[in-house]
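Inspection log for the structure reproduced underneath, given as structure tokens.
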Amino acid sequence: MKNAFVGKLVCSSLVLLSFIFTAGVVSFAQQPALTAPQQLARDIFKELIEINTTDTPAGDVGKAAEAMAARLMAAGFPADDIRVIGPLRNKRNLVARIHGKGPGKPILFLAHLDVVEALAKDWSPNLDPFKLNEVDGFFYGRGTTDIKEGDTFLITTFIRLKQEGFVPSRDLILMLTADEEGGDSNGVQWLLKEHRDLIDAEYAVNTDAGDFEWQKGKRLLLGMETSEKNYVDFTLEVKSNGGHSSRPGKDNAINRLAAGLVRLGEFDFPVDLNETTRAFFERTASLQDAATAADFRAIVKNPADKAAAARLARSTYFNALMRTTCVATLLEGGHAHNALPQSAKANVNCRMLPDAKLADVENTLKKVLADDRISITVVGDPGTAPASPLHPVLMKKLEEFSKRLYGGIPVVPVMDTGASDGKYLRIGGIPTYGVRGVFMDVDDERAHGKDERVGVKDFYDGVEFYYLFVKSLAE
Ligand SMILES: [Zn+2]
């Protein structure tokens with residue numbers, strides 16, 4: 024009895040002790056002492072995540088822009104240097120400026136404030152997408168990787184610079200915008216059109232592009248985005264007189280279109296490397312296995328090396344880097360089960376290399392489809408953006424930071440196969456460079472998806488990186 028009782032006591036004390044111990048560790052792990060800039064960044068991040076900025080009735084980008092403007096004002100920015108403007112109240116953008124002492128043209132820093140919709144029921148039960156949740160070394164919430172961490176880096180940096188009384192060599196402009204993810208009020212386009220003077224710059228740095236990559240627990244590379252492939256849709260259509268399907272002839276709209284699409288499916292646009300993709304293949308060869316590395320080097324040396332190109336093209340990503348692609352994505356045709364089709368239509372989605380001309384791509388389609396009865400029409404006004412020329416100063420800075428902070432991993436120019444707001448700035452004549460600032464695991468991509476998250480340490484590293492980076496560009 025006694026022993027048993029003692030045993031029980033010991034046991035409960037152990038449980039109690041281990042409970043205290045565990046609780047202590049947990050609270051210690053979740054709330055390490057933050058530096059003042061880290062605490063500031065965390066507060067800003069939390070405030071931004073918890074303002075719904077989706078393109079829905081519940082979302083309000085203007086509210087987020089105002090909240091950030093209030094923080095800038097409290098940090099000592101004169102009211103004249105802060106603008107909250109947009110075509111609609113809930114689609115307002117924030118533009119702020121730190122005045123420099125030199126005559127150089129400003130540098131513009133941007134991120135978008137809007138996020139893709141997230142429904143709590145689609146997320147893990149303990150995670151509200153519109154609350155900042157810190158769990159086991161990650162911040163969870165909609166926008167934690169796209170791109171409210173980028174907004175946070177920029178606001179935190181501008182506040183720190185202002186509070187230090189830092190006077191840059193030239194003006195620095197901050198721009199946080201609406202409707203990058205969709206919606207009718209893209210902030211970058213609107214600002215370029217209505218207030219170009221507020222955002223005009225020698226070049227822009229976009230936190231919403233480029234890659235700082237983790238892979239299997241190792242820092243892999245720093246990618247600086249210089250360009251994006253241009254998106255364009257074509258409608259293909261074959262028309263025919265139709266008639267009764269009990270007496271078909273050989274002229275059939277569906278068959279003709281299908282035959283053309285098969286020819287298109289078998290066709291590859293020629294390999295065409297640009298300054299960025301050449302540098303990408305050169306600088307990342309050392310990160311690949313020996314065979315792929317040899318193909319990377321071969322294609323740089325001779326883009327007409329068909330064997331190397333064919334092996335690389337087995338990766339849809341490498342293929343997309345090497346050439347313009349066009350692929351059928353939608354199909355419609357006919358009007359009744361028992362009638363010959365009078366129309367057959369397809370949508371062909373092309374991702375053009377930045378230097379490719381729309382008219383050339385259209386002509387190539389015409390040749391490959393090889394049927395005058397297939398009409399080809401461009402959908403809408405695709406507005407193609409040029410590549411930004413490699414920026415030697417930015418490359419050099421990133422190389423310095425890679426050595427200083429990340430063990431000298433390769434700095435690599437990157438052409439995105441998708442699109443960001445950088446497109447509109449490039450069309451507007453402002454060269455734009457994507458610098459992500461925060462390391463992400465290449466095997467754990469959650470932007471736009473369930474349980475979006477960023478590593479807590481990666482986040483704070485990004486806060487510090489951006490502060491040092493912006494300052495070094497402006498000294
Ligand atoms: Zn984004």
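In the working numbering, the protein residues as written are 24 to 498.
Just so you know, even glycine gets a beta-carbon here, dropped at the ideal spot from N, CA and C.
Scanning its chain for C-beta atoms nearer than 7 Å, with the 5 sequence neighbours on each side dropped, one finds around E498 the residues S192, in chain order.
The three-state reading of DSSP puts A308 in helix, counting H, G and I together. In the DSSP secondary-structure assignment, S366 is bridged to K262. The three-state reading of DSSP puts P60 in helix, counting H, G and I together. Taking the Cα of M463 as reference, the smallest distance to any Cα among G246, D394, R396 is reached at G246. Around the Cβ of N361, a 10 Å sphere holds fewer than 16 other Cβ atoms; the residue is exposed. As far as DSSP is concerned, D378 takes part in no beta bridge. Secondary structure note for G485: its alpha helix (DSSP H) is the uninterrupted segment 479–497. Residue range 116–121 is occupied by the beta strand (DSSP E) that includes R120. Under the three-state reduction of DSSP, V416 is assigned to helix. Note on the stretch 114–200: whole beta strand (DSSP E) runs with a minimum of 3 residues are 116–121, 130–135, 156–158, 161–163, 195–200, in chain order. Only residues of its own chain outside the window of five on either side were considered, and among them Q61 have a CB closer than 6 Å to the CB of Y483, listed in chain order. If you compare the alpha carbons of I130, E217, K480 with that of A56, the shortest gap goes to K480. Distances between the C-beta of E203 and the heavy atoms of ligand 1 include at least one below 7 Å. Contact annotation: the stretch 216–228 does not touch the stretch 147–167, with fewer than three C-beta pairs closer than 8 Å. CA-CA distance, E89 to D83, rounds to 10 Å.
Membership of V285 in the alpha helix (DSSP H) is indicated by the continuous run 276–289. In the three-state reduction of the DSSP assignment, E251 falls in the strand class, which pools E and B. Separation of L150 and T407 (C-alpha to C-alpha, rounded to the nearest whole angstrom) is 39 Å.
Distance from the CA atom of S250 to the CA atom of I453, rounded to whole angstroms, is 12 Å.
In this structure, L376 keeps its C-beta atom at 8 Å or more from the C-beta atom of T352.
Assigned with DSSP and collapsed to three states, S425 falls in helix. I72 has its CB no nearer than 7 Å to any heavy atom of ligand 1. DSSP, read as helix, strand or coil, puts E89 in helix.
Here the stretch 306–317 makes no contact with the stretch 385–392; the two share fewer than three CB pairs at distances below 8 Å.
The C-beta separation of L310 from L244 comes to about 7 Å, placing the pair in contact by the 8 Å criterion.
The C-beta distance from G233 to V458 rounds to 5 Å, short enough to fall under 8 Å. In terms of side-chain proximity, the C-beta atom of H414 is found no nearer than 7 Å to any non-hydrogen atom of ligand 1.
According to DSSP, Y226 shares a beta bridge with I130. Looking at the DSSP output, P326 bridges to nothing. As a beta-bridge residue in DSSP terms, N372 pairs with D256, V350.
A buried status is given to K252, since no fewer than 16 other beta-carbon atoms sit within 10 Å of its beta-carbon. Checking the 7 Å criterion, the Cβ of I170 is within range of a heavy atom belonging to ligand 1.
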